[in-house]
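The structure appears right after this line, and notes come after that.
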Amino acid sequence: MAKTIAQINEKIKAGKAVVVTAEVFTNMAQEKSLVELAQEVDVVTTATFGPMCSSGAIINFGHWSPGIRMEEISLNGVSAYEGLAAVDTYIGATSESKFDPTYGGANVIEDLIRGKDVRLHARGKGTDCYPTKEIDTWINKETVNEFYLFNPRNAYQNYAAATNSTNRIKYTYMGSLLPRYSNVTYSTSGELSPLLNDPFLRTIGLGTRIFLGGTEGYVVWNGTQFNTRRERNEFGIPKLPGATLAVIGDAKQMSADYIRSAYYEKYGVSLFVGIGIPIPVLDERMAKHLSISNDQIETTILDYGQENHPAVGMATYAQLASGSVTLPDGKQVKTAPLSSLAKAREIAELLGQWIREKRFFLTEPVQMFPKDSFVKPLVPREGGEQ
Amino acid sequence: MKRRYALRFSPTLVEQPIVSKLARTYDVDINILNADVASGRGGKLIVELSGTEENLDASVLYLSEVGVIVSEMVKELLFREEGCIHCGACTAVCSPRALRMNNEAKLVFDVSLCVVCGLCTQACPLRLFEVSNERET
Chain A
1 MAKTIAQINE KIKAGKAVVV TAEVFTNMAQ EKSLVELAQE VDVVTTATFG PMCSSGAIIN
61 FGHWSPGIRM EEISLNGVSA YEGLAAVDTY IGATSESKFD PTYGGANVIE DLIRGKDVRL
121 HARGKGTDCY PTKEIDTWIN KETVNEFYLF NPRNAYQNYA AATNSTNRIK YTYMGSLLPR
181 YSNVTYSTSG ELSPLLNDPF LRTIGLGTRI FLGGTEGYVV WNGTQFNTRR ERNEFGIPKL
241 PGATLAVIGD AKQMSADYIR SAYYEKYGVS LFVGIGIPIP VLDERMAKHL SISNDQIETT
301 ILDYGQENHP AVGMATYAQL ASGSVTLPDG KQVKTAPLSS LAKAREIAEL LGQWIREKRF
361 FLTEPVQMFP KDSFVKPLVP REGGEQ
Chain B
387 MKRRYALRFS PTLVEQPIVS KLARTYDVDI NILNADVASG RGGKLIVELS GTEENLDASV
447 LYLSEVGVIV SEMVKELLFR EEGCIHCGAC TAVCSPRALR MNNEAKLVFD VSLCVVCGLC
507 TQACPLRLFE VSNERET
């Protein structure tokens with residue numbers, strides 16, 4: 001018997017919903033049939049806590065008196081976007097301080113979430129309605145009007161693993177890659193990862209309510225570089241990065257336990273984002289997707305030492321998580337994760353607890369995401385002509 | 387046994403014959419590896435002391451009592467563990483496996499395996515590692 005989201009929400013309201021994490025569900029699938037699982041379990045919680053560079057926050061500072069139409073906005077020396085009316089801005093996680101390359105937009109966001117004061121400097125050209133030409137002051141999350149995260153690309157469905165064929169260490173957003181294929185790094189929570197548990201985005205779409213950074217947030221669009229055309233394995237898992245999500249949530253309610261700034265050597269600043277997504281067990285087909293295990297999730301290992309990152313092999317997450325993988329040339333190579341599985345587990349547990357405590361209900365998406373979408377490169381054109 | 391120390395002197399201490407007193411009283415050999423000391427402005431000595439463990443300890447006690455700031459020259463890895471989010475990025479560069487993920491996906495640091503290569507100081511995205519050359523005594 002298929003269930004609807006409305007029926008599941010009724011069960012949550014009645015305190016009768018059965019909620020388990022995706023890891024627990026995968027274990028249950030070893031002993032029970034999909035029919036039984038689809039009947040017994042109502043919601044499966046999935047989660048991830050990894051570095052997500054395409055993140056940032058919208059801030060409205062409130063109006064200065066006399067007014068200023070802000071330009072050249074900086075927060076603790078980090079440039080923020082100036083093209084949003086007079087006192088709105090967007091601060092991107094990877095924007096770097098002019099004074100310290102290890103401090104950036106991600107740190108500003110974390111500092112604000114922690115309740116710290118942040119220095120705001122801005123100039124204005126001075127207009128009849130906004131005469132002030134320069135301000136230098138302090139803000140924090142209590143003084144500003146809105147402060148919300150709006151991340152254009154998060155929760156990547158199956159990120160590729162990385163290695164390095166060259167003779168020197170490569171410092172990348174995939175971590176420190178040792179020379180001559182001496183390590184492989186990967187970034188995923190595997191069988192706990194949201195978009196690997198709903199590989200065709202049957203239940204996740206515009207308006208889906210999620211856990212974001214310690215509070216509730218929403219999926220507000222498909223993420224940028226949303227790609228549905230990747231080759232999939234027999235379990236429906238794309239073998240290279242596929243779907244992504246754009247998410248939004250009130251940063252004033254977030255916690256630095258689930259939003260954390262990071263600095264990758266010789267690469268720059270990024271932001272660890274904690275995301276949890278509840279997936280309704282609507283029917284056997286969803287139960288099948290949700291029973292996915294690490295040995296069924298494959299990803300491609302790319303060589304970050306070469307231009308265009310050519311593929312050097314494939315590995316399952318069970319292999320990657322075991323501590324070493326064997327490359328096609330027979331070399332056994334040490335593996336290391338980059339996203340925190342321990343934190344992802346914590347988020348999946350917490351989201352389950354919110355649902356059991358009737359503090360969090362599931363949503364029916366307002367609209368589903370594109371079924372056919374691919375990623376175009378930026379092609380050079382001479383002189384800006386045709 | 388031999389141990390290396392950094393000794394920091396205040397301007398008034400520089401005027402006292404501390405090093406020779408150390409040699410005569412505590413029977414330790416003193417090899418001065420580096421000296422930056424000047425009359426009137428204090429300074430710093432890097433010394434290697436050889437002697438019995440008892441005499442080395444007594445030397446350090448004497449130096450501290452007269453007001454020299456003594457720190458042992460030990461190269462070690464400091465880890466601010468409370469900030470760790472268990473991402474695992476540091477384990478990518480740790481060849482002796484002093485840093486590894488346990489079966490609960492938590493980072494464990496086994497100091498006895500650490501060779502203080504320092505690669506993790508750059509690999510940690512939260513900058514939680516630091517190589518220290520001196521330890522306060």
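From first to last, the protein sequence lines stand for chains A and B. Numbered according to my numbering, the first sequence spans residues 1 to 386. Numbered according to my numbering, the second sequence spans residues 387 to 523. For every residue, glycine included, the Cβ atom is placed at its ideal position computed from N, Cα and C.
Task: For Ala478/B and Ala509/B, believed in contact at Cβ under 8 Å, the rounded distance - done: 6 Å
- [ ] Helix, strand or coil for Tyr391/B, going by three-state DSSP, please let me know.
- [x] strand
Open item on the list: Is there a C-beta anywhere in chain B that falls below 8 Å from the one on Glu36/A?
Closed with: no
TODO: Look at Gly437/B and Leu399/B and say whether their C-beta atoms are less than 8 Å apart.
DONE: no
TODO: Answer with buried or exposed for Val375/A, where buried requires no fewer than 16 other C-beta atoms within 10 angstroms of its C-beta.
DONE: exposed
Task: Cα-Cα separation, Lys388/B to Glu440/B - done: 12 Å
- [ ] Counting only the same chain and skipping the five closest in sequence on each side, list residues whose C-beta sits under 7 Å from that of Gly305/A.
- [x] Asn164, Ser165, Thr166 and Lys170
Task: In chain order, each alpha helix (DSSP H) run of at least 4 residues that lies wholly inside the stretch 283 to 316 of chain A - done: 284 to 290
- [ ] Under 8 Å by Cβ, that's how I've got Pro365/A and Ile109/A pegged, so tell me the actual separation to the nearest angstrom.
- [x] Between Ile109/A and Pro365/A the Cβ distance is about 27 Å, and since that is not below 8 Å, they are no contact.
Task: Test item: CB-CB of Ile91/A and Ile59/A under 8 Å - done: yes
Task: Residue burial classification, Phe99/A (beta-carbon count within 10 angstroms, cutoff 16) - done: exposed
TODO: Answer yes or no: does any C-beta atom of chain A fall closer than 8 Å to that of Ala444/B?
DONE: no
Open item on the list: Please confirm whether Val502/B has its beta-carbon closer than 8 Å to some beta-carbon of chain A.
Closed with: no
TODO: Could you list which residues in chain A have their beta carbon closer than 8 Å to that of Arg513/B, in chain order?
DONE: Thr102 and Tyr263
Open item on the list: Using CA atoms only, rank isn't needed, just tell me which of Leu463/B, Val460/B, Leu419/B and Pro511/B is closest to Met174/A.
Closed with: Pro511/B
TODO: Round the Cβ separation of Gly274/A and Phe49/A to the nearest angstrom and send it over; I've been treating them as touching at under 8 Å.
DONE: 5 Å
Task: Cutoff 8 Å; reference Asn154/A; Cβ partners in own chain excluding five residues on either side - done: Met52, Ser54, Ser55, Gly223, Thr244, Leu245, Ala246, Val247, Val273 and Ile275
TODO: Check whether the stretch 9 to 16 of chain A touches the stretch 174 to 189 of chain A, counting contact only when three or more Cβ pairs, one atom from each stretch, lie closer than 8 Å.
DONE: no
Task: Beta-carbon neighbours of Leu505/B, restricted to chain A and to distances below 9 Å - done: Ile169, Ser176 and Leu178
TODO: Along the alpha helix (DSSP H) that carries Met459/B, what are the first and last residues, could you check?
DONE: Counting along the chain, Met459/B falls outside any alpha helix (DSSP H), though it belongs to the beta strand (DSSP E) covering Ile455 to Phe465.
Task: 8 Å Cβ cut-off: residues of chain A touching Glu490/B - done: Ala342
- [ ] Note down, in chain order, all residues in the stretch 339 to 370 of chain A with a beta-carbon under 8 Å from any beta-carbon belonging to chain B.
- [x] Ser339, Ser340, Leu341, Ala342, Lys343 and Arg345
Open item on the list: Just to confirm the assignment, what range does the alpha helix (DSSP H) spanning Ile12/A have?
Closed with: Ile5 to Lys13
Task: Pair within 8 Å by beta-carbon distance, Val18/A and Asp42/A - done: yes
TODO: Look at the Cβ atom of Ala2/A, then the Cβ atom of Ser291/A, and state whether they are nearer than 8 Å.
DONE: no
Task: Gly105/A: first and last residue of the uninterrupted alpha helix (DSSP H) it sits in - done: Gly105 to Ile113
TODO: Can you say whether Gly474/B is buried or exposed, counting buried as having 16 or more other CB atoms within 10 angstroms of its CB?
DONE: buried
Open item on the list: Once the 5 residues before and after Phe147/A are set aside, which same chain residues still bring their CB inside 7 Å of it?
Closed with: Ala57, Ile59, Leu112, Lys141, Ala251 and Lys252
- [ ] Pick helix, strand or coil for Asn222/A, following the three-state DSSP scheme.
- [x] strand
- [ ] List the DSSP bridge partners of Glu96/A.
- [x] Gly104/A
- [ ] Indicate whether Val446/B and Val456/B have their beta-carbon atoms separated by less than 8 Å.
- [x] yes
Open item on the list: Can you tell me which residues form a DSSP beta bridge with Thr398/B?
Closed with: According to DSSP, which records beta bridges pairwise, Thr398/B is partnered with nothing at all.
Open item on the list: Would Phe235/A pass as an interface residue toward chain B - the criterion being a Cβ-Cβ separation below 8 Å?
Closed with: no
TODO: Note down, in chain order, all residues in the stretch 183 to 198 of chain A with a beta-carbon under 7 Å from any beta-carbon belonging to chain B.
DONE: Asn183 and Thr185
Open item on the list: With distance defined between alpha-carbon atoms, name the residue in Gly323/A, Arg381/A, Asp372/A and Leu351/A nearest to Lys489/B.
Closed with: Just to set this straight, residue 489/B is Asn in the shown sequence, not Lys. Minimum Cα distance to Asn489/B is reached at Gly323/A.
Task: Where the alpha helix (DSSP H) through Ser445/B begins and ends - done: Glu439 to Val452
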